[in-house]
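Just so it is clear: in the sequence shown, position 223 is 223 by UniProt numbering, and no numbers are missing.
Glycine included, each C-beta is placed from N, C-alpha and C at the ideal position.
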Amino acid sequence: MVGSLATVARRPLAGAVIISVAIAFVGVWVALPIGVYVPPATLACLLVCLALAPAFSWRASSGDVLVAAAFWLVGLSVLVGSSVTLVLGDLVFGALPAYLAGRMLVERLGLTKVAEVIAVVWAAAAVLGLLEAVTGFNPFVLVPFPNSLYSEWAVTQERAGIARVEGAFGHSIAYATCMAAGIPLVAVTRWSSRARCLMMVLLVAATLPSLSRTGMACAVLALLLSLTVLRTGISRRWRLRVIGLLAAIGVIAFPRLLDVFALAGEEQAGSARYRSDLLVLVRYLRFIGVSPAGRRNNTGSTWAGFGSVDDELLRAALCYGWAPVVLLLVGFSVVCWRVLARRANAAQTAVVALAPAYVTVAFITQLSTVVWLIIGMALSAEKAAHTMTRISQEPTDEPQGDAGDQRDGAPRAPSGLPYARPLRGT
Numbered sequence: 001m002v003g004s005l006a007t008v009a010r011r012p013l014a015g016a017v018i019i020s021v022a023i024a025f026v027g028v029w030v031a032l033p034i035g036v037y038v039p040p041a042t043l044a045c046l047l048v049c050l051a052l053a054p055a056f057s058w059r060a061s062s063g064d065v066l067v068a069a070a071f072w073l074v075g076l077s078v079l080v081g082s083s084v085t086l087v088l089g090d091l092v093f094g095a096l097p098a099y100l101a102g103r104m105l106v107e108r109l110g111l112t113k114v115a116e117v118i119a120v121v122w123a124a125a126a127v128l129g130l131l132e133a134v135t136g137f138n139p140f141v142l143v144p145f146p147n148s149l150y151s152e153w154a155v156t157q158e159r160a161g162i163a164r165v166e167g168a169f170g171h172s173i174a175y176a177t178c179m180a181a182g183i184p185l186v187a188v189t190r191w192s193s194r195a196r197c198l199m200m201v202l203l204v205a206a207t208l209p210s211l212s213r214t215g216m217a218c219a220v221l222a223l224l225l226s227l228t229v230l231r232t233g234i235s236r237r238w239r240l241r242v243i244g245l246l247a248a249i250g251v252i253a254f255p256r257l258l259d260v261f262a263l264a265g266e267e268q269a270g271s272a273r274y275r276s277d278l279l280v281l282v283r284y285l286r287f288i289g290v291s292p293a294g295r296r297n298n299t300g301s302t303w304a305g306f307g308s309v310d311d312e313l314l315r316a317a318l319c320y321g322w323a324p325v326v327l328l329l330v331g332f333s334v335v336c337w338r339v340l341a342r343r344a345n346a347a348q349t350a351v352v353a354l355a356p357a358y359v360t361v362a363f364i365t366q367l368s369t370v371v372w373l374i375i376g377m378a379l380s381a382e383k384a385a386h387t388m389t390r391i392s393q394e395p396t397d398e399p400q401g402d403a404g405d406q407r408d409g410a411p412r413a414p415s416g417l418p419y420a421r422p423l424r425g426t
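And the structure:
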């Protein structure tokens, strides 16, 4: 443990690798037989946070303040009836470590390097997903674990009698949505236009055998945003080629997908009706604290008769109140504006691309970690961009005197980087 902390502290890139691998290749059912359960991806985030915290700036941006306020309200909801267990699972051992890990990694490495690590790991997960679709073999469920999580998540789902690809994510929607989140990150790597475009198409293709409409919608939206509004430097020729390649994939895959969805018509219709029926729960929401519609029984919780809430925004509002959700929606609207104005970074684009998932699925398995990791990355990259803009606008005239007097005492930027110095004249 100590050795791992020291390694990550010296080489933060190792921390990005550890988190990415834990998310993509370690199922939530992989747990030590101890009293307190912590998901493997969360353990990886906690490790990185402990290693990088001593050198972290801890200077908050406006986005940090908004997120912190939402987290504070979630914690405060315990005083008005919210479940301590839920707060621990969703916040303390969920959103908070992932968010801080994203902030710290991007501050130390920059968004591009972290994006490259995630892109490589995601590409490997996509290839394994396509192989799973062809062979029906999922290596991640081979080793059984004697816990309820293995029984719940390590079971392959089917749609219209066809197995749905889910990899190590335990659920096809979580797998496909997480793959979609990687598309804008691939777009801003330092690789060639061809390599980036082919990898983005690979991630889109990996969502198809999941048979998840949410995942496919997020992937297509992520690709379109990456090709149109995200500043990537990808050549126009390769953008057009990607569109053509995507059209070819659609011609081949869509008839088959339509057949599957037609066979699963009643299942899909029932799922859509269930999600729309959930909206009646809005009238039971409180400003802060658990909704009075909640009931606990031997099998879990129900909300006015609904056994599950497949809508993360609504679920969070029911559990903790609508106040923290509204705060986060305010931040999300700002990010949407930045994306449309072509002022967003890749992580912000990924946050917007996942919008369909926020209202069609709860944050199951690794999905919560991925979303909050990317939110942390987005805010850290935005803060770094503001810092560099401020540095570039600083006056560059040096005071009179010996140039050597300024070397050791040069003013420092808020991020710890030296301010730009003018070139020496003749």
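One Cα belongs to D90, the other to L285, and the distance between them is close to 19 Å. Contact check between the region 321-334 and the region 127-141: fewer than three CB pairs, one atom from each, fall below 8 Å, which does not count as touching. Just measuring C-alpha positions, the residue of R343, A341, V335 sitting nearest L354 is V335. Separation of G35 and S392 (C-alpha to C-alpha, rounded to the nearest whole angstrom) is 52 Å. Distance from the Cα of K113 is smallest, within the candidate group E158, L100, A168, A187, for A187. In this structure I374 does not touch A344 by the C-beta definition: roughly 12 Å separates them, more than the 8 Å allowed. According to the DSSP assignment, T42 belongs to the alpha helix (DSSP H) that extends over 40-52. For E382, the uninterrupted alpha helix (DSSP H) run begins and ends at 367-392, by DSSP. Closest in C-alpha terms to S192, from the list R239, G167, A160, V371, comes R239. Here DSSP, grouped into helix, strand and coil, assigns F306 to strand.
In the three-state reduction of the DSSP assignment, I234 falls in the coil class, being assigned neither a helical nor a strand state. Listed as beta-bridge partners of E107 by DSSP are no residues whatsoever. For L32 and L43, the gap between their C-alpha atoms comes out near 11 Å. Nearest to V143 by C-alpha distance, out of A168, I162, G129, is A168.
Rounded to whole angstroms, the separation of the alpha carbons of V309 and V280 is 12 Å. Under the three-state reduction of DSSP, A293 is assigned to coil, being neither helix nor strand. In the structure shown, the three-state DSSP call for S301 is strand. One thing to note: T228 has its Cβ no nearer than 8 Å to the Cβ of M216. Under the three-pair Cβ rule at 8 Å, the region 199-206 counts as touching the region 236-256. Of all alpha-carbon atoms in A115, L230, P146, C218, the one lying nearest the alpha-carbon of A176 is that of C218.
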